[in-house]
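> So that we are looking at the same thing, I have put the structure below in structure tokens.
Numbering (my numbering), first residue to last: 4 to 784.
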């Protein structure tokens, strides 16, 4: 039974006191709460014990607060078991974003999240508001945003339109829309998009993944917390108006996509407004620098419902909110819509009574909406008023607590790993030149310049090692991007983002370790010491034991290697339900790595710099760990082992390379990843059109040429050393006990691989470059 609440036509009271189990589930479905029967029964018990009936706004509030997206009910237990607590002393805060020391006077701040479901329904808006949301996470810690990253995952661009599942948009449409959204939002608010990842796999056809990360810098004294401070402080709503966009956003993100999602959930996608965001950032940081804010939080998932309750609950206090003065985009919004709307470009300031007028004045000067909407109270409850009547009244412990599911409620089934040792010797050797040319056109190897050129990675003038490197109009990819955050210091920050979904599909444990290994390799390649990690854990339906098994194994692999390397996870995100009917995405634990470099003038880049430098391979012996490799994918071979990471060897190699870079002994460095040694050398040659001659007989490892050329064995780099520095280079590497071998020399205009005086590959760089450039650009135009 549904009745008006105390004469308010737009507030309902719902009599669930006599509801059966079926009626409770029906109510959850009708209201879009996405809550289970046990959760609905717990809510019923709460109100029964208080001898009253819930209002619609109370049920809607619990739907968002108890969603998977908001309360991490399925992931808290394994996260605590495997990930939390590693090198925890380095993390100064872990709230909307993580905070770690940069230097004696500054902190850096970083966050990594997902905007997957909205981007699958409306790619432009979903991606744009993902960017808008992540920058607010940085700002609400008191930091100035200085960079974005964007790891993106799509189905194959070459997919036949007729093979698309019902209700699914073509990957080319999604790819174009997502890039447009990131470009338009990021460029307009003046924050550079520097780094990221673009990966294509059929498993992302029905559910693309759009992960977004950001980094900020702040003075130590400017860090602020997502917490109220004392009773009597005032809540000030600042920024954009509240509308119906984004309603049920967190519950939408906590369910599988269906072929009706376009129709039923489009309103859950928020509408971004970068023109409002830019002054909002300035106002927020200014008020914080002036010491006018007691607490600060952005309106993210769950909207006002989340921000008001969490600010108070973090301090052990309560909140009283009045909805009458909320700035609205349109008339006619119900109170529950105002409460859970996820409209963008909004912040909540907690301000002392004495500073309210000054804050409101500053906001007016910047032409930013600001209105007092409530107060912090002693009682640890949330109370919401509308037209003078109390329409929500709940204990914050109950409201924000949410259920937590252990292995009995979220059972897991460990994946079956196909470690069957596929004997590569049973396959004929290919034509090596044709194989390299084909690999260079593969979607996951081909140039991403079509994407990178649409972003402004120069704005703010912090970027010193850029995503594209080398001669103008002939650039190659970089490994990591390096920032110079402070005007008066040469200390730098490096950032990268990595995961190999094919490794993850074949072996989640070793695939997750490989993601951290690659993040470390990329940071080391530019001269940065890995300092912290972030994760965005994109998985399928946690109610399915096989999906939870993938999740557990990935966390086990991540946690073990991070612990062995003493690298903390400073922040992170879990995105479940990335699944359509009978189709889950590959397990995708995106790893964002951040490194520190004492002097950015010692940074190293990918392209070969000059003829007659000696070429060295550093790291593990090249082995037949070909499972998930681009070479196996090209040849349609399955099985085998995913590359393994030896943390002890990884540390030795990192220490050795950092030592030789500190002495400026290297002219270039590149990690070996997708496509193996052959692709790595090609990418290094492309940037400055300088060729090389490699003797595969000198590459430690397998006796088979295709393995030496195309294996993606972990923990390997290619470096070039001027001849005058080779003795010192080898001395330092030997002292570090890091394996290395001299395998060739830079020279000419061809990429050449020989073995035992037999030429295996000898191709002009211009031909390789043309193949590499056309892989994506020829499809997207």
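Cβ coordinates follow ideal geometry from the N, Cα and C atoms, glycine included.
In this text the structure is predicted, and so the values were computed from the model without any measurement.
1) Can you grab the Cα-Cα spacing for the pair residue 705 / residue 106, in whole Å?
2) Note down the Cα distance separating residue 724 from residue 691, rounded to an integer number of angstroms.
3) For residue 186, count neighbouring C-beta atoms within 10 Å of its own C-beta (all shown protein chains included) and say buried if the count is 16 or more, exposed if not.
4) With respect to the alpha helix (DSSP H) encompassing residue 73, which residues constitute its N-terminal and C-terminal limits?
5) Return the first residue and the last residue of the beta strand (DSSP E) that residue 487 is part of.
6) Have a look at 356, 339, 677 and flag the residue whose alpha-carbon is nearest the alpha-carbon of residue 295.
7) By DSSP's criteria, residue 201 is part of a beta bridge. Which residues make up the other side?
8) For residue 557, which residues in the same chain have their Cβ closer than 6 Å to its Cβ, ignoring the five residues on either side in sequence?
9) Would you identify the three-state DSSP class for residue 268, choosing helix, strand or coil?
10) Per DSSP, residue 582 forms a beta bridge with which residues?
11) Whole angstroms is fine: what's the gap from residue 757's alpha carbon to residue 677's?
12) Tell me which same chain residues have a C-beta within less than 6 Å of the C-beta of residue 306, skipping the five on either side of it?
13) Going by the beta-carbon positions, is the gap between residue 192 and residue 277 smaller than 9 Å?
14) Can you tell me the Cα-Cα spacing of residue 597 and residue 327, whole angstroms?
15) Can we say the segment 430–442 touches the segment 629–638, given the rule of at least three CB pairs closer than 8 Å?
16) Using the Cα positions of residue 569 and residue 534, report the straight-line distance between them to the nearest angstrom.
17) Which residue wins for smallest C-alpha separation from residue 611, given the options 628, 37, 686?
18) For the segment 508–583, list the alpha helix (DSSP H) runs that are entirely contained and at least 4 residues long, ordered along the chain.
19) Restricting to Cα atoms, I'd like to know which of 44, 174, 59, 748 is closest to residue 788.
20) Once DSSP output is grouped into helix, strand and coil, what is the label at residue 290?
21) Need the endpoints of the beta strand (DSSP E) that residue 495 sits in, please.
22) Which residue wins for smallest C-alpha separation from residue 293, given the options 145, 167, 218?
23) Give me the Cβ distance between residue 448 and residue 633, rounded to the nearest whole Å; I'm assuming they're in contact under 8 Å.
24) Taking three-plus beta-carbon pairs below 8 Å as touching, is the segment 280–289 in contact with the segment 303–322?
25) Mind checking which residues open and close the alpha helix (DSSP H) that includes residue 655?
26) Report the partner residues of residue 150 according to the DSSP bridge assignment.
27) Is residue 297 closer than 9 Å to residue 223 when the C-beta atoms are compared?
28) Of the residues 176, 745, 623, 23, which one's Cα is nearest the Cα of residue 650?
29) Taking contact to mean at least 3 C-beta pairs separated by less than 8 Å, is the segment 237–246 in contact with the segment 168–180?
30) With a threshold of 16 other CB atoms inside 10 Å of the CB of residue 361, please say whether the residue is buried or exposed.
31) Of the residues 771, 29, 92, 783, which one's Cα is nearest the Cα of residue 479?
32) DSSP state of residue 619, grouped into three classes?
33) For my contact list, residue 517 and residue 645 are in at a C-beta cut-off of 8 Å; report their separation, rounded to the angstrom.
34) Can you give the Cα-Cα distance for residue 630 and residue 375, rounded to whole angstroms?
35) Find the nearest neighbour of residue 538 within the set 561, 529, 552, 400, judged by alpha-carbon distance.
36) Return yes when the Cβ of residue 117 is within less than 9 Å of the Cβ of residue 201, no when it is not.
In terms of the structure at hand:
1) Rounded to whole angstroms, the gap between the alpha carbons of residue 705 and residue 106 is 44 Å.
2) Rounded to the nearest whole angstrom, the CA to CA distance from residue 724 to residue 691 is 16 Å.
3) So residue 186 ends up on the buried side.
4) From DSSP, the alpha helix (DSSP H) with residue 73 extends over 71–74.
5) Secondary structure note for residue 487: it is in no beta strand (DSSP E), with a DSSP letter that is neither H nor E.
6) Of 356, 339, 677, the smallest CA-CA separation from residue 295 is found for 356.
7) BP columns for residue 201 point to 155.
8) Hits under 6 Å: 511, 515, 590, 592.
9) Legend: pLDDT at residue 268 = 48, less than 50; position of this residue unreliable, value from coordinates given subsequently. Residue 268 falls in the coil class under three-state DSSP.
10) Answer is 587, bridged to residue 582.
11) Going from the Cα of residue 757 to the Cα of residue 677 covers about 21 Å.
12) Excluding sequence neighbours, residue 306 sits near 343, 344, 345.
13) For the pair residue 192 and residue 277, the CB atoms are nearer than the 9 Å cut-off.
14) Using only the alpha carbons, I get a separation of about 44 Å.
15) The answer is yes - the segment 629–638 touches the segment 430–442, with three or more Cβ pairs under 8 Å.
16) As the crow flies, the alpha-carbon of residue 569 is around 9 Å from that of residue 534.
17) Minimum Cα-Cα distance from residue 611 among the listed residues 628, 37, 686 corresponds to 686.
18) Whole alpha helix (DSSP H) segments, 4+ residues: 511–528, 548–568.
19) As shown, the chain starts at 4 and ends at 784. That puts residue 788 outside it, with no answer to give.
20) Looking at residue 290 - three-state DSSP - the assignment turns out to be helix.
21) 495–501 is the span of the beta strand (DSSP E), which, as asked, contains residue 495.
22) Residue 293 has its Cα closest to that of 145, out of 145, 167, 218.
23) Residue 448 to residue 633, Cβ: 6 Å. Contact.
24) A contact is defined here as three or more CB-CB pairs under 8 Å, and the segment 280–289 fails this definition with respect to the segment 303–322.
25) Per DSSP, residue 655 belongs to the alpha helix (DSSP H) from 650–665.
26) Note: residue 150 sits in a beta bridge opposite 218.
27) No, the Cβ-Cβ distance between residue 223 and residue 297 is not below 9 Å.
28) Considering only alpha carbons, the answer is 623.
29) The segment 237–246 makes no contact with the segment 168–180: fewer than 3 CB pairs, one atom from each, lie closer than 8 Å.
30) Residue 361 should be labelled exposed.
31) Among 771, 29, 92, 783, the Cα nearest to that of residue 479 belongs to 771.
32) Three-state result, residue 619: strand.
33) About 7 Å separates the Cβ atoms of residue 517 and residue 645, confirming a contact at the 8 Å cut-off.
34) Residue 630 and residue 375: Cα-Cα distance of roughly 58 Å.
35) It is 561.
36) No, the pair does not count as a contact, with Cβ atoms beyond the cut-off.
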